[in-house]
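Step one of this worksheet: look at the structure below.
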Amino acid sequence: MHADRRSKAYELGVEGFLNFAVENLVNTTHIRCPCVKCGNIRLFGVGIIRDHLYFNGIDQSYKIWLWHGEPREWTTNASRNVEEDEQSRFSFVSEEVGMDDNDLGDIGFDPYEFANVIGDGDQPLYPGSSKYMMLSALVKLYNLRAKHGMSDVCFTKLILQGDLLPEGNTLPSSMYEAKKILSALGMSYEKIHACPNDCILYRKDYEDSTNCPTCDVSRWKEGKDAILKEGVLAKVVWYFPLIPRFKRMFQSYKTAKSLTWHAARKSVDGHMSHPADSPSWKLVDDK
1 MHADRRSKAY ELGVEGFLNF AVENLVNTTH IRCPCVKCGN IRLFGVGIIR
51 DHLYFNGIDQ SYKIWLWHGE PREWTTNASR NVEEDEQSRF SFVSEEVGMD
101 DNDLGDIGFD PYEFANVIGD GDQPLYPGSS KYMMLSALVK LYNLRAKHGM
151 SDVCFTKLIL QGDLLPEGNT LPSSMYEAKK ILSALGMSYE KIHACPNDCI
201 LYRKDYEDST NCPTCDVSRW KEGKDAILKE GVLAKVVWYF PLIPRFKRMF
251 QSYKTAKSLT WHAARKSVDG HMSHPADSPS WKLVDDK
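Position 138 (the sequence shown) corresponds to 138 in full-length UniProt numbering; numbering is contiguous.
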């Protein structure tokens, strides 16, 4: 599928791909389109997908045809590894959804849950839906919650409107269920109050302070009438914890191999061919 789109080789590749999908999928009227623009999100019939592959080209990162019947290959590591392609498939969610650590409560990241969510999220939002899958719909709703600062109660009332959808819809019925689904993707961030002049972060020793000890500017936002609006923060920074993301990355055997390459394949000829061969890197490793 790397051939020129005008060539016979590309034509044979497209037909081979479509035949493979038709032979291995149960529903052949709604198939995920792997073209560059659709990215395996939108569903169409074979004819439209064929046109898209010629006009737009296929997504070159889609090497294992997971969404078109190619079997998943799980590694035999102590913990079950999540496939690299499935991770990249849903990486867009972390850009769409805001979920802080307190938001998640005692719901944690679990690689087994991740795999289950990938499968469940592939279900149509309701029987016959070809535009939205359950996970993509939930992401859009949660994005609204993060954007407009909805409370848990407000968001629960919003998703309860799923009763307006046709019978058999897969939309979660509570805030807890929505959090459980999204937390399995390993997304989290922490909101930290900050001084408007970037002097300090209101955490640890300054957690209960109302004014910056350096510039004496208030923690709270000032209204048009120059009256402080206590409870309305002047500045908030988002902290994205590294550990949950490393956990998610190391669930994939391929990704883990790339992440540890610098340690496993260091230069032995005495020449510096990678920053890992430098004295500075070795100093960090020794600490």
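Think of the CB as a built atom: it goes at the ideal place given N, C-alpha and C, for glycine as much as any other residue. A quick note: this is a predicted structure, and the numbers were derived from the prediction, not measured.
Just the Cα atoms here: how many angstroms apart are Leu-171 and Leu-66?
-> Roughly 24 Å between the two C-alpha positions.
Take Glu-84 and list the residues in its own chain whose beta-carbon comes closer than 6 Å to its own, dropping the five residues that flank it on each side.
-> Low confidence applies here, because Glu-84 scores a pLDDT of 43, under 50, leaving its location unreliable; read the following figure in that light. Closer than 6 Å at Cβ, skipping near neighbours: Ser-252, Lys-254, Thr-255.
Give every residue of the same chain whose Cβ lies closer than 7 Å to the Cβ of Pro-127, excluding the five residues on either side of it in the sequence, and list them in chain order.
-> Pro-166, Gly-168
Please check the pair Trp-220 and Lys-191, which I expect to be a contact at CB under 8 Å, by giving their CB distance rounded to whole angstroms.
-> Distance from Trp-220 to Lys-191 at the Cβ level is roughly 15 Å; contact not present, criterion being Cβ atoms closer than 8 Å.
List the whole-angstrom C-beta distance separating Ala-178 from Leu-135, where the pair is believed to meet the contact cut-off of C-beta under 8 Å.
-> With a Cβ gap of about 11 Å, Ala-178 and Leu-135 do not count as contacting.
Would you check if the distance between the CB atom of Gly-57 and the CB atom of Cys-35 is smaller than 8 Å?
-> yes
So, helix, strand or coil for Asn-27, using DSSP?
-> coil
If you drop the 5 nearest sequence neighbours on each side, which residues of the same chain put their C-beta closer than 8 Å to that of Asp-59?
-> Pro-34, Cys-35, Val-36, Gly-39, Asn-40
On a CA-only basis, which of Asp-285, Tyr-189, Leu-259 is nearest Leu-242? Give me that one, please.
-> Tyr-189
Would you report the Cα separation of Gly-69 and Glu-23, rounded to the nearest angstrom?
-> 8 Å
DSSP three-state assignment for Cys-35, whether helix, strand or coil | strand
To the nearest angstrom, how far is it from the Cα of His-193 to the Cα of Lys-147?
-> 18 Å
Arg-50 to Leu-43, Cα distance in whole Å?
-> 12 Å
Just the C-alpha distance for Asp-4 and Glu-11, rounded to the nearest angstrom, thanks.
-> 9 Å
Supposed contact pair Leu-160 and Leu-141 - C-beta distance, whole angstroms, cut 8 Å | That pair is no contact at about 11 Å.
Give the DSSP bridge partners of Val-46, in chain order.
-> Answer is none; Val-46 lacks a bridge partner.
Whole-angstrom C-beta distance between Val-46 and Ile-31, which should lie under 8 Å = Contact holds; Cβ gap of about 7 Å.
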